[in-house]
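These protein sequence lines are chains X and L, in that order. For the first sequence, our numbering begins at 356 and goes up steadily by one. For the second sequence, our numbering begins at 1102 and goes up steadily by one.
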Amino acid sequence: MMKMGLQLKTIRYAGFIGVLLVGVISCHDSIDEPQIPAGDLTDIPYNPVPYMLDVPADFPALEQPNDNPMTVDGILLGRKLFYDPLLSIDSTVSCATCHQPSLSFSDGLALSQGVNGITRRGSLSLINVGFHYSGLFWDGRAKTLEELALIPIEDPIEMGESWDSVELKLRNHDGYPADFRKAFGIENVSMVDRYLAAKAIAQFLRTLVSGQNSRYDRYLRGEILLEENEINGYLMFFNIDPSLPDAQCGHCHNAPLLSTNDYFNNGLQESPDLYSFRDPGLGAITGIAGQNGFFKPPTSRNLVFTAPYMHDGSLKTLEEVVDHYTSGGKNSPNKSSFLFNLVLTESQKSDILAFLLTLTDSTTLTNPAYQSPF
Amino acid sequence: MKLLNFIFFSLLILGLASCNDDPADTKGTVTLHFKAVYDDIPLQMFNNRPFENGQTLEFTHLSMIISDLELLKQGSPELLDEVEIVNLTFDNTTAAEAGYTLTISGVPTGTYDGMRFGVGVPADVNAKKPADFSSGNPLSNTAYYWTPWSSYIFMKTEGRLDTIGNGTTDLGFALHTGSDALYNILEANIPLTVQDGLETTMDIVIDYKKVLQGVDIKANPQNHSPDDISTITAIVNNLAIAFSLVL
């Protein structure tokens, strides 16, 4: 049924353009005018305007592939694609279904809901994702955003579509060919393809930045003071004050991104040996048994919007998260040695929680540039 | 097989000037295998090993930053590698025996006087931070930077200790060295020959039993205070006897 629908649509648009151009050509054939090939887009101006991202002071430089520099029109196209359910098999799911701006680009579910059931892991916040240079996804299996953006469309559970079909839908759409022209200077509708779509989406994702508006950032810049309990939490999170207990968090959630370039087993899964993890994570990608049960530490920014927590959504609240860490987590041979019974008092635990909330940046939820264009 | 212990740079006495330069532009390859052992046995993670005072320990992560790896030649050392994160975290003996391999091609041929490298990063580099480096550079890795100390983490030795000898590891330890004062340059003085078109292979072996010699892990499983660096200083001081070069 779906396929039929698509083909009909295809014929309608393609036929329209084809007939029109044939008409034009045959009319003017005799008076020797230049022939315009079918699907020509060169009438539409291509004036790429480079986009300069405002990168927070302490952040690493934003690295973009040489063949995909950010432009104003590239980002606009990427945003449109990101919010467009056209990219899914039945036009019900867009990237934003599982990455909602109001939830810091996560989805509030333990495991995500795609066109065809429930995904194997929970969604990740996309804030600052442009700065993740050591692998994307919980298990690091995608290297670049361009590579990653190709994946959800053909994931049978997430969007269940094929790129061949999406390419046809985009080429035959009344708006996208012009958008691709403006973004990438393509000369013909036939040049609209998955790789340009992925590039545009990657450009949009690189604009999703949080690093200067949270109370934590403003405190570091000396603009505001934090409450005493928040400062206590801060000192324990990063182990700054030797007279307070070390909560160990900063080893794996390091400033400024509140993540690190490394993967860890933070004691979520019980396993008697290296081979019995329910979800082996990084180990399944690298083939190194010692890395089974290793996952990427997500950013600790905007946590208030991204519950439930962890790759399996197993911890529902930040209280549960702090309890998990202070208890030392579940045992397995390669559990990080930073996970053990931390012996924090209840008031110290609540100080850590108070600090985590200073990492909230609600401007990222309302930034007009991040919102759906539809 | 020749085995030579490293000495501290400060103890260096320049050896004989034995540089007889080969004709220009001939190059060879140097392959280095960094290997972790414990009491001479290849060190596999997550496996019990006897430690001091009846305690047993197991390692979960071993790594270090190596800087300015050079072959020595009077006047002009040959830089092989500026900076490298050497990860020695191996979960099986085969991998542990193979070690961490570093291959440097295009090394000018000749007989060198020895080898030198630093464990950690020198002060001028340590004044920078991960965000100052592009993602291809090992020093961009935030997992090797400790913000409260404004220092790179030079060497990570992590694991768990069975403090009462009852068969269960009850204490996690993470002994991370860092800070300018603890940057340590090691040097082995032994003639090393690189031949045209050939591969010279060497093992750089580090014995973690020696690394932890005299370290009271139970009392100091982690270093929390920049003002109390006695534990990690002991580790750094052990490095010269813990490292050996095997030809």
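All C-beta atoms, glycine included, are put in the ideal place defined by N, C-alpha and C. Here the structure is a predicted model, which is why all the values come from computation and not from measurement.
(request) Kindly say whether Ile586 (chain X), judged by its beta-carbon, lies nearer than 8 Å to any beta-carbon of chain L. (result) Position 231 of the first sequence, counting from 1, holds the residue named residue 586 (chain X). It does not; no Cβ of chain L falls within 8 Å.
(request) Please list the partners that Asn689 (chain X) has in chain L, where partner means a Cβ-to-Cβ separation under 8 Å. (result) Here the question's residue 689 (chain X) lines up with position 334 in the first sequence. Here the neighbours are Met1146, Phe1147, Thr1161, Asp1192.
(request) Using beta-carbon positions only, say whether Thr1210 (chain L) and Pro1143 (chain L) come within less than 8 Å of one another. (result) If you number the second sequence from 1, residue 1210 (chain L) lands on position 109. If you number the second sequence from 1, residue 1143 (chain L) lands on position 42. No, they are not a contact pair.
(request) Measure the alpha-carbon distance for Ile399 (chain X) versus His1162 (chain L) and round it to whole angstroms. (result) Reading the first sequence from its first residue, position 44 is the one you call residue 399 (chain X). Reading the second sequence from its first residue, position 61 is the one you call residue 1162 (chain L). Cα to Cα, Ile399 (chain X) sits roughly 57 Å from His1162 (chain L).
(message) Using 8 Å as the threshold, is the C-beta distance between Glu1159 (chain L) and Arg1261 (chain L) below it?
(response) Residue 1159 (chain L) sits at position 58 when you count from the first residue of the second sequence. Residue 1261 (chain L) sits at position 160 when you count from the first residue of the second sequence. Yes.
(request) Give me the Cα-Cα distance between Ile556 (chain X) and Phe437 (chain X), rounded to the nearest whole angstrom. (result) As a working mapping, residue 556 (chain X) is identified with position 201 in the first sequence. As a working mapping, residue 437 (chain X) is identified with position 82 in the first sequence. So the two alpha carbons sit approximately 6 Å from each other.
(message) Buried or exposed for Gln1175 (chain L), going by 16 or more other Cβ atoms inside 10 Å?
(response) Counted from its first residue, the second sequence places residue 1175 (chain L) at position 74. Taking every protein chain shown into account, the CB of Gln1175 (chain L) has fewer than 16 other CB atoms within 10 angstroms, so this residue is exposed.
(request) Can you pull the chain L residues whose beta carbon is under 8 Å from the beta carbon of Asp601 (chain X), in chain order? (result) Here the question's residue 601 (chain X) lines up with position 246 in the first sequence. Within 8 Å Cβ-Cβ: Gln1323, His1325.
(request) Could you name the residues of the same chain whose beta carbon sits closer than 7 Å to that of Thr1157 (chain L), not counting the 5 residues immediately before and after it, in chain order? (result) If you number the second sequence from 1, residue 1157 (chain L) lands on position 56. Contacts found: Asn1149, Arg1150, Pro1151, Asp1263, Gly1266.
(request) For Asn1324 (chain L), I'd like the list of residues in its chain whose CB is within less than 7 Å of its CB, leaving aside the five on either flank, ordered along the chain. (result) Start at 1 with the first residue of the second sequence, and residue 1324 (chain L) comes out as number 223. Counting only Cβ-Cβ distances below 7 Å, and skipping sequence neighbours, we find Leu1276, His1277, Ile1330, Thr1332, Ile1333.
(request) Throw me the rounded Cβ distance for the Ser1326 (chain L) and Pro597 (chain X) pair, which I believe falls under 8 Å. (result) Translated into the one-based positions of the second sequence, residue 1326 (chain L) becomes position 225. Translated into the one-based positions of the first sequence, residue 597 (chain X) becomes position 242. Confirmed, Cβ separation roughly 4 Å.
(request) Closer than 9 Å, Cβ to Cβ, to anything on chain X: give me those residues from the segment 1232-1251 of chain L, in chain order. (result) Ala1232, Asp1233, Phe1234, Ser1235, Ser1236, Gly1237, Ser1241, Asn1242, Thr1243, Ala1244, Tyr1245, Tyr1246, Trp1247, Thr1248, Pro1249
(message) When you compare the segment 1189-1204 of chain L with the segment 1221-1230 of chain L, are there three or more beta-carbon pairs, one atom per stretch, that lie closer than 8 Å?
(response) The segment 1189-1204 of chain L is not in contact with the segment 1221-1230 of chain L.
(request) Identify every residue that forms a DSSP beta bridge with Ala1275 (chain L). (result) On the second sequence, residue 1275 (chain L) is found 174 positions in, with the first residue counted as 1. Answer is L:Glu1259, L:Gln1323, bridged to Ala1275 (chain L).
(request) Evaluate Thr1294 (chain L) with the Cβ neighbour count: other Cβ atoms within 10 Å of its Cβ, from every protein chain shown; 16 or more gives buried, anything less gives exposed. (result) If you number the second sequence from 1, residue 1294 (chain L) lands on position 193. It counts as exposed.
(message) Please classify Ile541 (chain X) as buried or exposed, where buried requires at least 16 neighbouring CB atoms within 10 angstroms.
(response) By one-based count along the first sequence, residue 541 (chain X) stands at place 186. Buried, because 16 or more other Cβ atoms sit within 10 Å of the Cβ of Ile541 (chain X).
(request) Tell me whether Asp1123 (chain L) sits in a helix, a strand or coil according to DSSP, three-state version. (result) Here residue 1123 (chain L) refers to the residue found at position 22 when the second sequence is read from its first residue. Interpretation of Asp1123 (chain L) is limited by its pLDDT of 48, a score under 50 that renders its predicted location unreliable; no figure is taken from the coordinates.
(request) Could you tell me whether any Cβ in chain L is nearer than 8 Å to the Cβ of Thr718 (chain X)? (result) Within the first sequence, the letter at position 363 stands for residue 718 (chain X). Not one chain L Cβ lies under 8 Å of Thr718 (chain X).
(request) Measuring only between beta-carbons, confirm whether Ala1275 (chain L) sits less than 8 Å from chain X. (result) By one-based count along the second sequence, residue 1275 (chain L) stands at place 174. Yes, Ala1275 (chain L) counts as interfacial toward chain X.
(request) Please name the residue in X:Phe492, X:Pro511, X:Ile512 whose C-alpha comes closest to that of Leu503 (chain X). (result) In the first sequence, counting from the first residue as 1, residue 503 (chain X) sits at position 148. Nearest C-alpha to Leu503 (chain X): X:Phe492.
(request) Kindly list the residues whose CB is nearer than 8 Å to the CB of Ile707 (chain X), restricted to its own chain and excluding five residues on each side of it in sequence; keep chain order. (result) Position 352 of the first sequence, counted from the first residue, corresponds to residue 707 (chain X). If we look at Ile707 (chain X) and ignore the five residues flanking it on each side, its Cβ neighbours are Gly588, Met591, Phe592, Ala602, Cys604, Val677, Leu699.
(message) Going by C-alpha to C-alpha distance, which of X:Pro424, X:Pro652, X:Leu442 sits closest to Glu513 (chain X)?
(response) As a first step, residue 513 (chain X) must be located in the first sequence, where it is residue number 158. Nearest option by C-alpha distance: X:Leu442.
(request) For Val659 (chain X), collect the residues of the same chain with a Cβ closer than 7 Å to its Cβ; drop the 5 residues on either side in sequence, then sort them by chain order. (result) Residue 659 (chain X) sits at position 304 when you count from the first residue of the first sequence. For Val659 (chain X), where only same-chain residues beyond five positions count, the Cβ hits under 7 Å are Leu712, Thr715.
(message) Considering only the alpha carbon of each residue, which of X:Arg476, X:Asp510, X:Gln390 lies closest to Ser669 (chain X)?
(response) For the purposes of this step, residue 669 (chain X) is taken as the residue at position 314 of the first sequence. The shortest Cα separation from Ser669 (chain X) among X:Arg476, X:Asp510, X:Gln390 belongs to X:Arg476.
(message) Pull the bridge partners of Pro405 (chain X) from the DSSP assignment, please.
(response) Walking along the first sequence from the start, residue 405 (chain X) turns up at place 50. Its beta-bridge partners are X:Thr426.
(message) Helix, strand or coil for Ala538 (chain X)? Go by DSSP, reduced to three states.
(response) To locate residue 538 (chain X), count along the first sequence from 1; it is residue 183. Looking at Ala538 (chain X) - three-state DSSP - the assignment turns out to be helix.
(request) Classify Val1312 (chain L) as helix, strand or coil using the three-state DSSP reduction. (result) On the second sequence, residue 1312 (chain L) is found 211 positions in, with the first residue counted as 1. Correct three-state label for Val1312 (chain L): helix.
(request) Could you pull out every unbroken alpha helix (DSSP H) segment of at least 4 residues lying fully inside the segment 614-666 of chain X, listed in chain order? (result) As far as the segment 614-666 of chain X is concerned, its whole alpha helix (DSSP H) runs of at least 4 residues are 637-641.
(message) Considering Cα atoms alone, identify which of L:Ile1166, L:Thr1204, L:Gln1296 is closest to Leu1133 (chain L).
(response) Here residue 1133 (chain L) refers to the residue found at position 32 of the second sequence. Put simply, of L:Ile1166, L:Thr1204, L:Gln1296 the residue whose alpha carbon is nearest the alpha carbon of Leu1133 (chain L) is L:Thr1204.
(message) Below 8 Å, how does it come out for the segment 409-421 of chain X and the segment 611-623 of chain X: are there three or more Cβ pairs, yes or no?
(response) yes
(message) Quick check on the burial criterion: 16 or more other C-beta atoms within 10 angstroms. Buried or exposed for Ile1254 (chain L)?
(response) Locating residue 1254 (chain L) in the second sequence gives position 153, where the first residue counts as 1. Buried.
(message) Excluding the 5 residues flanking Phe649 (chain X) on each side, which residues of the same chain have their C-beta closer than 7 Å to its C-beta?
(response) Reading the first sequence from its first residue, position 294 is the one you call residue 649 (chain X). Cβ within range, chain order: Tyr618, Phe619, Asn620, Gly636, Leu637, Gly638.
(message) According to DSSP, simplified to helix, strand and coil, what is His1227 (chain L)?
(response) Translated into the one-based positions of the second sequence, residue 1227 (chain L) becomes position 126. What sits at residue 1227 (chain L) in the sequence shown is Asn, not His. Three-state DSSP puts Asn1227 (chain L) in a helix.
(message) What residue range does the beta strand (DSSP E) around Lys1136 (chain L) cover?
(response) As a first step, residue 1136 (chain L) is located in the second sequence; it is residue number 35 there, counting from the start. Segment 1128-1139, the beta strand (DSSP E) holding Lys1136 (chain L).
(request) Within 10 angstroms of the Cβ of Ser385 (chain X), are there 16 or more other Cβ atoms? Answer buried if so, exposed if not. (result) Taking the first sequence and counting its residues from 1, the one referred to as residue 385 (chain X) is at position 30. With a pLDDT of only 47 at Ser385 (chain X), under 50, the local geometry of the prediction cannot be trusted, and the value read off the model is given with reservation. Per the 10 Å Cβ criterion, exposed.
(request) Grab the span of the beta strand (DSSP E) containing Ile586 (chain X) for me, first residue to last. (result) Position 231 of the first sequence holds residue 586 (chain X). Counting along the chain, Ile586 (chain X) falls outside any beta strand (DSSP E), though it belongs to the alpha helix (DSSP H) covering 583-592.
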